[in-house]
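Which chain is which? The protein sequence lines are A and B, in order. With positions in the first sequence counted from 1, the corresponding number in the numbering used here is that position plus 121. With positions in the second sequence counted from 1, the corresponding number in the numbering used here is that position plus 121.
There are 2 protein chains.
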Amino acid sequence: MNVRTLCLGILTFKEASGYEIKKMVEEDVFGHFIDASYGSIYPALTKMMAEGLVNVRAEEQAGKPDKKVYAITPFGRQELAAALLVDPAKDKFKSEFMFQIMLQEFLPKEHVAQIYQSQIEYLRDEIEKIRCCVGDHQVNHPSMSFVAGFGEASLGAGLKFLEDNRAQILGDETPSLTLVDGTLDHNKDQIEGQSKDQKNA
Amino acid sequence: MNVRTLCLGILTFKEASGYEIKKMVEEDVFGHFIDASYGSIYPALTKMMAEGLVNVRAEEQAGKPDKKVYAITPFGRQELAAALLVDPAKDKFKSEFMFQIMLQEFLPKEHVAQIYQSQIEYLRDEIEKIRCCVGDHQVNHPSMSFVAGFGEASLGAGLKFLEDNRAQILGDETPSLTLVDGTLDHNKDQIEGQSKDQKNA
DNA sequence: GTGAACATGTAACAAGTTACATGATTGA
DNA sequence: TCAATCATGTAACTTGTTACATGTTCAC
Numbered sequence: 122m123n124v125r126t127l128c129l130g131i132l133t134f135k136e137a138s139g140y141e142i143k144k145m146v147e148e149d150v151f152g153h154f155i156d157a158s159y160g161s162i163y164p165a166l167t168k169m170m171a172e173g174l175v176n177v178r179a180e181e182q183a184g185k186p187d188k189k190v191y192a193i194t195p196f197g198r199q200e201l202a203a204a205l206l207v208d209p210a211k212d213k214f215k216s217e218f219m220f221q222i223m224l225q226e227f228l229p230k231e232h233v234a235q236i237y238q239s240q241i242e243y244l245r246d247e248i249e250k251i252r253c254c255v256g257d258h259q260v261n262h263p264s265m266s267f268v269a270g271f272g273e274a275s276l277g278a279g280l281k282f283l284e285d286n287r288a289q290i291l292g293d294e295t296p297s298l299t300l301v302d303g304t305l306d307h308n309k310d311q312i313e314g315q316s317k318d319q320k321n322a
Numbered sequence: 122m123n124v125r126t127l128c129l130g131i132l133t134f135k136e137a138s139g140y141e142i143k144k145m146v147e148e149d150v151f152g153h154f155i156d157a158s159y160g161s162i163y164p165a166l167t168k169m170m171a172e173g174l175v176n177v178r179a180e181e182q183a184g185k186p187d188k189k190v191y192a193i194t195p196f197g198r199q200e201l202a203a204a205l206l207v208d209p210a211k212d213k214f215k216s217e218f219m220f221q222i223m224l225q226e227f228l229p230k231e232h233v234a235q236i237y238q239s240q241i242e243y244l245r246d247e248i249e250k251i252r253c254c255v256g257d258h259q260v261n262h263p264s265m266s267f268v269a270g271f272g273e274a275s276l277g278a279g280l281k282f283l284e285d286n287r288a289q290i291l292g293d294e295t296p297s298l299t300l301v302d303g304t305l306d307h308n309k310d311q312i313e314g315q316s317k318d319q320k321n322a
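Here is the structure:
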């Protein structure tokens with residue numbers, strides 16, 4: 122699936138400028154399973170404009186530069202439906218973090234501890250982001266809330282695994298802090314971390 | 122992270138040919154968080170050979186064509202350690218399936234039902250693959266089993282979500298088949314699918 | 001008056017994929 | 001003999017990213 126289809130899909134939810142599409146891909150529910158940069162979004166929009174898949178309207182904004190608001194046309198919807206009909210490519214999950222963990226013996230202990238903590242915080246942030254979407258934003262769309270639920274479930278399980286199995290990688294030198302709660306069932310090392318430097322930008 | 126580092130990392134576990142590296146990336150625990158094709162592996166290996174990061178040994182095989190077995194050199198390990206020291210890029214999860222679900226209203230019901238079932242089967246296969254790795258293969262490496270555990274946890278949660286929330290997307294017209302087991306706790310629609318056509322190659 | 005957020009766009013570049021090209025060997 | 005698996009390699013091509021280039025308005 123290409124940026125074209127991606128933009129077309131987003132535009133079915135609401136009209137948006139290239140800038141706004143990029144923001145959605147970064148922050149909204151979309152962000153968990155798609156990706157795109159300005160360098161691909163703007164040219165795609167321009168080209169689709171020429172092909173009649175979208176139309177533009179210049180919008181003046183008080184206190185902000187003008188923006189070009191794109192909307193999908195009936196022809197665009199047709200194209201989208203066709204593009205959507207091909208069987209989806211299988212999921213692709215890339216994790217440099219996991220690669221580093223796999224090769225942790227080549228890394229200084231402190232580095233491993235640091236990326237481990239960063240990963241936990243990153244996952245917490247992502248989950249929080251999804252919850253925000255479901256809360257304040259309009260994820261009224263049933264499909265949207267389904268997708269959000271899926272993301273929360275997957276990321277949540279991953280996070281829990283990292284929290285529970287910390288000792289497996291980091292040894293028992295867990296930061297001496299308070300336990301999350303009293304309901305420990307088996308071999309838990311649940312520790313609430315405190316650092317705040319999120320290095321993976 | 123590039124294919125170079127990927128190959129170097131894999132070669133720390135065992136010597137391998139380009140063909141074997143590709144197979145590992147497809148089938149082993151690696152497969153869940155990295156990706157590479159022949160077209161990138163072979164050139165990377167050749168280049169690293171010239172740079173002294175790996176060395177080769179031609180191995181004759183009974184009943185099979187000869188293969189070029191690559192091994193990492195001390196210099197290669199040095200390079201790997203350096204490459205590993207940079208903070209990992211954040212995880213990237215791409216799912217065309219989720220994109221299609223989000224836009225399901227543009228798709229025929231049957232298509233949605235079909236990709237939904239395919240996705241469930243795909244996830245089951247992936248989890249099974251991980252379990253096989255842990256079982257027969259040597260995932261003796263503690264880091265390996267950790268990574269496998271993480272994959273199993275994440276994928277398992279995603280699969281469970283799909284199984285439990287089928288009705289949200291597909292409605293209640295679940296195929297009339299036998300329930301998986303009797304231990305239903307809350308709102309489960311766990312159905313054992315029977316189709317076998319896995320379309321996402 | 002300076003940095004941050006808003007806003008659009010392009011061109012050079014990186015990186016890897018696909019398809020092609022080749023060839024051995026085995027088993028149905 | 002034909003498909004499948006093993007095995008290596010290259011070149012054209014896609015695709016998208018990064019960095020650059022430019023400009024507005026606001027808040028501190």
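For every residue, glycine included, the Cβ atom is placed at its ideal position computed from N, Cα and C.
Please identify the residue among the options whose C-alpha is closest to the C-alpha of residue i.
i: residue 171 of chain B; options: B:281, B:142 and B:197; result: B:197
i: residue 169 of chain B; options: B:206, B:242 and B:130; result: B:130
i: residue 286 of chain B; options: A:252, A:267 and A:226; result: A:267
i: residue 175 of chain B; options: B:147, B:209, B:274 and B:136; result: B:136
i: residue 65 of chain B; options: B:143, B:243 and B:139; result: Nothing about residue 65 of chain B can be reported from this structure: the residues present for chain B run from 122 to 322 only.
i: residue 289 of chain B; options: A:156, A:271, A:158 and A:230; result: A:271
i: residue 234 of chain B; options: B:274, B:149, B:292 and B:146; result: B:292
i: residue 145 of chain B; options: B:173, B:205, B:254 and B:194; result: B:254
i: residue 173 of chain B; options: B:276, B:195, B:160 and B:163; result: B:195
i: residue 261 of chain A; options: A:125, A:124, A:134 and A:123; result: A:134
i: residue 201 of chain A; options: B:202, B:186, B:179 and B:228; result: B:228
i: residue 166 of chain B; options: B:190, B:236 and B:217; result: B:190
i: residue 203 of chain B; options: A:216, A:243 and A:226; result: A:226
On the premise that residue j lies in contact with residue i, defined as a C-beta separation below 8 Å, what is that separation, rounded to the nearest angstrom?
i: residue 132 of chain B; j: residue 192 of chain B; result: 6 Å
i: residue 274 of chain B; j: residue 274 of chain A; result: Actually they do not touch by this definition, with Cβ atoms about 11 Å apart.
Just how far apart, CA to CA, sit residue i and residue j?
i: residue 158 of chain A; j: residue 143 of chain A; result: 7 Å
i: residue 317 of chain A; j: residue 249 of chain A; result: In this predicted model, residue 317 of chain A has a pLDDT of only 35, less than 50, meaning its place in the structure is not dependable enough to derive any value.
i: residue 124 of chain B; j: residue 199 of chain B; result: 16 Å
i: residue 284 of chain B; j: residue 241 of chain B; result: 7 Å
i: residue 337 of chain A; j: residue 154 of chain A; result: The question about residue 337 of chain A has no answer here: the residues shown for chain A are numbered 122 through 322.
i: residue 280 of chain A; j: residue 181 of chain A; result: 44 Å
i: residue 161 of chain B; j: residue 247 of chain B; result: 24 Å
i: residue 276 of chain A; j: residue 156 of chain B; result: 21 Å
i: residue 64 of chain B; j: residue 213 of chain A; result: Residue 64 of chain B lies beyond the range of chain B shown here (122 to 322); nothing can be said about it.
i: residue 282 of chain B; j: residue 239 of chain A; result: 26 Å
i: residue 148 of chain A; j: residue 186 of chain B; result: 51 Å
i: residue 269 of chain A; j: residue 205 of chain A; result: 20 Å
i: residue 164 of chain B; j: residue 179 of chain A; result: 48 Å
i: residue 151 of chain A; j: residue 232 of chain A; result: 31 Å
i: residue 183 of chain A; j: residue 141 of chain A; result: 17 Å
i: residue 217 of chain B; j: residue 243 of chain A; result: 23 Å
i: residue 215 of chain B; j: residue 215 of chain A; result: 8 Å
i: residue 230 of chain B; j: residue 236 of chain B; result: 10 Å
i: residue 263 of chain A; j: residue 188 of chain A; result: 30 Å
i: residue 122 of chain B; j: residue 252 of chain B; result: 27 Å
Open item on the list: Between the segment 205 to 215 of chain B and the segment 220 to 228 of chain A, can you find at least three pairs of beta-carbon atoms closer than 8 Å?
Closed with: yes
- [ ] Taking a Cβ distance cut-off of 9 Å, strictly less, list which residues of the segment 221 to 245 of chain B are near chain A, in chain order.
- [x] 221, 222, 223, 224, 225, 226, 227, 228, 229, 232, 235, 236, 239, 240, 243 and 244
- [ ] Taking only beta carbons into account, state which residues of the segment 147 to 169 of chain B come closer than 7 Å to chain A, listed in chain order.
- [x] 153, 154, 155 and 156
Open item on the list: If the cut-off is 8 Å on Cβ atoms, which residues from the segment 194 to 212 of chain B count as contacting chain A, listed in chain order?
Closed with: Of all residues in the segment 194 to 212 of chain B, 198, 201, 202, 205, 206, 208, 209, 210, 211 and 212 have a Cβ within less than 8 Å of some Cβ in chain A.
Open item on the list: Counting only Cβ-Cβ distances shorter than 9 Å, please list the residues of the segment 266 to 277 of chain B near chain A, keeping chain order.
Closed with: 266, 267, 268, 270, 271, 272, 273, 274, 275, 276 and 277
TODO: Could you name the residues of the segment 134 to 145 of chain A whose beta carbon sits closer than 7 Å to any beta carbon of chain B, in the order they occur along the chain?
DONE: none
Open item on the list: At a CB distance below 8 Å, what residues from the segment 278 to 292 of chain A approach chain B? Give them in sequence order.
Closed with: 278, 279, 281, 282, 283, 286, 289 and 290
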